[in-house]
Each structure stands twice: as structure tokens, then as C-alpha cells.
Amino acid sequence: MATYAIGDIQGCFEAFKELLVAIAFNPAEDRLWLCGDLVNRGEDSIGTLRWCMAHDDRIVAILGNHDLHLLAVAEGFVPPHRNDTLTEILEAPDRDAVLDWLRRRPMLHREGDWLMVHAGLLPEWTPDLAESLARELETVLRGPGYRDFLARMYGNEPRRWHPGLAGQDRLRLVANAMTRLRYLHPDGDMEFQHKCAPADAPAELIPWYAMPDRRSRRVHVLFGHWSTLGLLAGEDVVSLDTGCLWGGQLSAIRLEDSRLFQVRCQARRQPKPHG
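Heads up, the sequence shown is in UniProt numbering, so the first residue is 1 and it goes up one at a time.
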């Protein structure tokens with residue numbers, strides 16, 4: 001029995017199936033942790049979601065920004081982006097079942113010494129606080145008020161955590177940190193403009209995982225979302241978005257021994273950072 005954490009699939013179903021062969025995935029014994037962005041921009045998002053639903057008892061799939069975007073588009077709150085590949089889901093005969101399954105996924109998964117989140121954690125958040133905030137947002141997404149959240153989800157404010165935040169501001173900040181975060185300003189404000197690798201970023205910006213006094217250092221954090229960062233295996237963080245969508249690789253790490261598995265992907269778009 002083994003547990004594998006896998007980076008952003010984004011609908012690249014063929015590469016995902018190749019990776020399952022590479023890790024010799026045994027659905028009777030093994031488990032998969034999928035770190036968000038199951039859908040969008042790849043060639044077969046609906047196939048990816050249907051596979052995940054069929055193997056629901058063997059996977060933990062958390063929500064990424066593209067997954068939340070799909071839910072908002074499906075409700076008519078925002079139009080699809082120019083490069084979105086969501087039509088196959090929105091027009092599928094099992095659309096309602098698929099979307100209902102997706103919005104019931106967790107925002108964060110924590111087990112033992114591991115914590116998986118799609119994008120990042122704010123420096124003030126302990127693992128316990130991050131888990132509690134994730135549960136708050138999950139309760140809303142799974143409840144009758146989920147449309148209200150999706151209708152007002154978009155926006156960059158507030159940019160800094162404060163325990164007194166409430167209502168939609170609190171929920172939006174949690175969603176932005178957990179599904180969109182890459183960089184922080186030294187004062188702790190989130191920065192959403194730059195998607196480049198740290199070596200190419202303005203000197204004043206700090207990758208979220210490198211912030212001094214980050215309070216989540218006592219767990220090993222798995223995350224994706226940042227294709228220009230690529231594979232990062234640090235002392236307490238592992239980045240798994242290795243740009244499959246852009247002709248890079250789809251990556252998995254076996255948690256029991258940290259062994260890395262990768263398959264080469266075919267580019268679906270011109271290679272460039274994605275959100």
C-alpha cells in the first residue's frame with residue numbers, strides 16, 4: 001500500500017493515465033492525493049473528473065483555482081476565459097452530478113506530518129488554523145449558500161489576514177490564499193500579478209513558503225499551482241506543478257519514501273505560466 005501526491009492535472013487525462021502506469025497504481029491498495037486544478041486547459045477534463053468520481057474511495061482531491069472557476073462559470077456568474085476548455089463538462093449529460101461532486105471536495109488535506117493545499121498558506125496560519133479555515137469555506141461550498149460565495153468570489157481584496165475578518169471578505173481571502181497565492185510583500189500582503197519563477201520576480205517579493213516566521217513549518221506542505229517554479233523539494237515544502245499543460249511533466253511523489261515519478265506531457269498551448 002502506498003500514497004502518491006500528484007501535481008496539477010488540468011484535464012490532461014492521457015498524461016494522468018500514463019502516470020498511473022508509471023507508479024503501478026493499484027486501486028485496491030494505493031491512494032492518490034491530487035493537489036487541485038483537476039480541470040481546464042487540457043484535452044479531457046470530463047474524463048479526468050469521471051475517473052476521479054469512479055475512484056472516490058481511493059483519492060483525496062482538493063480544490064484549485066481552476067476548479068472553483070468551473071463552478072462559478074457553471075452558475076453563470078462569470079463567462080469562460082478565452083483559453084478555457086470547460087464546454088465538455090458544461091454540456092455533459094452527467095454535468096450536475098459531476099459539478100456536485102466537485103464542489104464537495106476539500107480545500108486542504110492534512111494527514112500525519114503532511115498537509116496538501118493547492119497554492120499556499122499565509123505566514124500567520126498554523127496548520128491547525130489553516131485546517132479550521134479550510135473547513136469554514138468547505139461548509140459554505142457544500143451548503144445552500146454556495147452560490148452566494150461563488151457570485152462574489154472574484155477579487156484580490158482583502159490582501160492580508162486578520163482574525164477579525166468575517167463574511168465574504170474572510171471567505172475570499174481564504175480561497176485566494178489556498179488557491180492563488182505565490183508571492184507576498186514583506187508586510188504580508190498577498191501579491192497576485194507575478195507568476196514567474198522567484199529568480200525573475202521583483203526583489204521585494206517573497207515566495208509564500210520563504211516568509212520569515214511562517215507558522216506552518218512543523219508540517220510538510222505539498223502544493224501545486226506554480227508551473228514556473230516547477231519541482232521544489234525543500235526541507236518542509238514540496239512543489240508538484242511541473243507544467244504538464246505546457247509540455248512539461250506530470251509529477252507524483254510517493255509519501256512513504258519521497259520517491260519521485262514523472263511522465264512527459266504534450267504541450268496543449270504555447271508554453272507560458274498559467275493561473
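Beta carbons are placed, not taken as given, at the ideal position from N, Cα and C, and that holds for glycine.
Proximity to Arg110 [Cα-Cα], best of Asn176, Leu34, Gly76, Gln266: Taking the sequence shown and counting its residues from 1, one reaches residue 110 at position 110. Among Asn176, Leu34, Gly76, Gln266, the Cα nearest to that of Arg110 belongs to Leu34.
Beta strand (DSSP E) segment containing Met153, residue limits: The residue labelled residue 153 in the question sits at position 153 within the sequence shown. No beta strand (DSSP E) contains Met153, which DSSP labels as neither H nor E.
Nearest neighbour of Ser227, chosen from Leu150, His194, Val221 [CA to CA]: Locating residue 227 in the sequence shown gives position 227, where the first residue counts as 1. Nearest option by C-alpha distance: His194.
Nearest-angstrom Cβ-Cβ length linking Val5 and Leu232, presumed shorter than 8 Å: Counted from its first residue, the sequence shown places residue 5 at position 5. Counted from its first residue, the sequence shown places residue 232 at position 232. As written in the sequence, residue 5 is Ala, which differs from the Val given in the question. Rounded, the Cβ-Cβ distance is 13 Å, inconsistent with contact.
Nearest residue (CA-CA) to Asp96, options Thr139, Arg50, Asp84, Thr242: On the sequence shown, position 96 is the one that residue 96 refers to. Here the closest residue by C-alpha is Arg50.
Assigned exposure category for Asn26 - 16 Cβ within 10 Å defines buried: Within the sequence shown, the letter at position 26 stands for residue 26. Per the 10 Å Cβ criterion, exposed.
Where the beta strand (DSSP E) containing Ser132 begins and where it ends: Within the sequence shown, the letter at position 132 stands for residue 132. From DSSP, Ser132 is part of no beta strand (DSSP E) but of the alpha helix (DSSP H) over 127-142.
Among Met1, His185, Leu19, Val140, the one whose alpha carbon lies nearest that of Leu260: Along the sequence shown, one-based indexing puts residue 260 at 260. Of the listed residues, the one whose Cα sits closest to Leu260 is Leu19.
Residue closest to Arg182, alpha-carbon to alpha-carbon, out of Ala119, Gln168, Ser132: Counted from its first residue, the sequence shown places residue 182 at position 182. Closest by alpha carbon: Ala119.
Ile206 to Pro93 span [Cα, whole Å]: One-based indexing of the sequence shown puts residue 206 at position 206. One-based indexing of the sequence shown puts residue 93 at position 93. C-alpha separation (whole angstroms): 45 Å.
Inter-residue spacing [alpha-carbon to alpha-carbon] between Arg105 and Ile46: Mapped onto the sequence shown, residue 105 falls at position 105. Mapped onto the sequence shown, residue 46 falls at position 46. If I take the Cα positions, the gap works out to 16 Å.
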